[in-house]
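Counting in our numbering, the final residue of the sequence shown is number 435, and the numbers go up one at a time with none missing.
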Amino acid sequence: MFDPNNLPYQDPKTSRRVAYVTGANGGAGYYITLHLYMHGWVVYMGCRSEDKARRAKADIEKEANERKEKLPSNAVFGELRIASIDMARLQSVEEAAQWLLKNEPGLDLLINNAGVMAVPAETTEDGFDIQLQTNHLSPFLLTHRLLPLLKQSPNGPRVVFVSSMGYLLSWLTKEDSLSGNFNKFPDVFWTWVRYGNSKVAEIHASKIFAAKHPDILTMSVHPGVSAETELARWWNDLPYLGPSFKFLFKNVVGKLVGCSAEDLSHPPLRAGADPSLTIEKDNGGFLADHGKETALWNCASNTKYCQNTWDWTIKTLNEKGHKIDE
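As structure tokens, then:
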């Protein structure tokens with residue numbers, strides 16, 4: 110069982126570590142940010158809502174102080190900085206990356222945590238399914254835009270893609286699923302297929318990125334399943350079906366395989382800061398619940414599928430005017 114309290118504690122005055130965490134104001138992102146902050150990191154909180162980000166920042170600082178007496182004597186808190194980003198808008202991703210490039214000389218850790226799960230069919234202003242864009246296209250673009258900063262890290266840079274075991278749902282569609290239109294009836298079924306496609310794409314991207322940049326430890330993770338977050342809010346609020354889904358998710362799924370919202374932070378924290386993980390043996394790897402190293406099914410690990418996703422993503426972003434230099 111991975112324990113984030115065992116991660117190395119940094120003193121920001123002598124060993125400055127900088128992290129960028131998307132979706133930092135709630136769920137796993139909140140606790141990822143909390144633990145990095147308590148371990149002395151400078152954390153950029155990449156959030157869509159500045160109001161929610163400010164509230165989360167205040168809550169994290171308060172909670173860290175409440176936990177301080179249980180931390181080692183050498184624990185020195187880092188710094189929290191709010192960074193505006195909307196993963197449903199590619200231009201917002203571009204602007205967020207450019208802002209960080211101007212404000213930091215280097216980046217040690219990027220955690221692509223922000224995501225949406227099984228929401229109704231919706232097309233973004235960029236013309237993509239909202240799950241595909243939020244969960245895959247935007248993290249892919251952000252990672253490439255911040256690549257110059259990652260390359261400047263003297264501390265062994267890392268990139269983490271927060272995926273999901275929901276990637277297994279991608280086997281229901283064909284190999285070219287990212288270019289397909291799965292806005293079909295009934296949406297309560299096809300929304301899960303779209304979710305699976307977006308999540309397997311994150312794993313594909315992490316594997317090719319790891320191969321192309323062997324100086325950056327890149328991993329993908331399944332954080333776990335928790336009934337304590339807002340990720341299933343749309344399902345919980347559905348008329349008629351909502352109360353039943355909420356009951357089953359909380360009392361059946363939650364109790365059988367569920368974990369706390371804080372536990373969700375363990376796999377990304379391990380991938381991002383555990384010194385026992387190395388490029389030589391772990392680059393392109395996958396961690397599941399509680400940071401366990403886990404094998405992937407063929408739909409996620411097949412080299413051909415990974416390369417197809419990579420090529421499609423590069424081509425698609427280039428066509429939208431967001432050029433990626435490989």
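Beta carbons are placed, not taken as given, at the ideal position from N, Cα and C, and that holds for glycine.
Everything numeric in this text was worked out from a predicted model, so none of it was measured.
D120 classed as buried or exposed, judged by whether at least 16 other C-beta atoms fall within 10 angstroms: The residue you call residue 120 lines up with position 11 of the sequence shown. Exposed, by the Cβ-count rule.
CB contact flag (G187, G138, <7 Å): Position 78 of the sequence shown, counted from the start, is the residue given in the question as residue 187. Position 29 of the sequence shown, counted from the start, is the residue given in the question as residue 138. It is not a contact, given that the beta carbons lie outside the stated cut-off.
Minimum C-alpha distance to S374 - residue among G393, I388 and A397: Here residue 374 refers to the residue found at position 265 of the sequence shown. Residue A397 holds the alpha-carbon nearest to the alpha-carbon of S374 among G393, I388 and A397.
Run of the beta strand (DSSP E) containing L219, from where it starts to where it stops: The residue given as residue 219 occupies position 110 in the sequence shown. Counting along the chain, L219 sits inside the beta strand (DSSP E) bounded by residues L218 to N221.
Backbone secondary structure at C156 - three-state DSSP: Position 47 of the sequence shown, counted from the start, is the residue given in the question as residue 156. For C156, the secondary structure class from DSSP, reduced to helix, strand or coil, is strand.
V228 in three-state terms, based on DSSP: The residue labelled residue 228 in the question sits at position 119 within the sequence shown. V228 falls in the coil class under three-state DSSP.
Enclosing alpha helix (DSSP H) for I191 [first to last residue]: The count along the sequence shown starts at 1 and reaches residue 191 at position 82. Per DSSP, I191 lies in no alpha helix (DSSP H) segment; the continuous beta strand (DSSP E) that holds it begins and ends at E188 to S193.
Neighbourhood of T300 by C-beta distance below 8 Å, restricted to the same chain and skipping five residues each side: Position 191 of the sequence shown, counted from the start, is the residue given in the question as residue 300. Closer than 8 Å at Cβ, skipping near neighbours: A227, V228, P229, A230 and Q240.
Coarse secondary structure for L326, derived from DSSP in three states: Translated into positions along the sequence shown, residue 326 becomes position 217. In the structure shown, L326 sits in a strand (DSSP, three-state: E or B).
F270 in three-state terms, based on DSSP: Here residue 270 corresponds to residue number 161 of the sequence shown, with the count starting at 1. In this structure, F270 counts as strand in the three-state DSSP scheme.
Spatial distance of A206 from Q242 (CA atoms): Here the question's residue 206 lines up with position 97 in the sequence shown. Here the question's residue 242 lines up with position 133 in the sequence shown. Approximately 16 Å, taken between the alpha carbons.
Paired residues, beta bridge with L396 - DSSP: The residue given as residue 396 occupies position 287 in the sequence shown. Looking at the DSSP assignment, L396 forms a beta bridge with V330 and E402.
Presumed contact (8 Å Cβ cut-off) between T252 and L210, rounded CB distance: Position 143 of the sequence shown, counted from the first residue, corresponds to residue 252. Position 101 of the sequence shown, counted from the first residue, corresponds to residue 210. Wrong, their Cβ atoms sit about 13 Å apart, outside the cutoff.
Beta-carbon spacing of V202, P377 below 7 Å: In the sequence shown, the residue the question calls residue 202 occupies position 93. In the sequence shown, the residue the question calls residue 377 occupies position 268. The answer is no: Cβ separation not under 7 Å.
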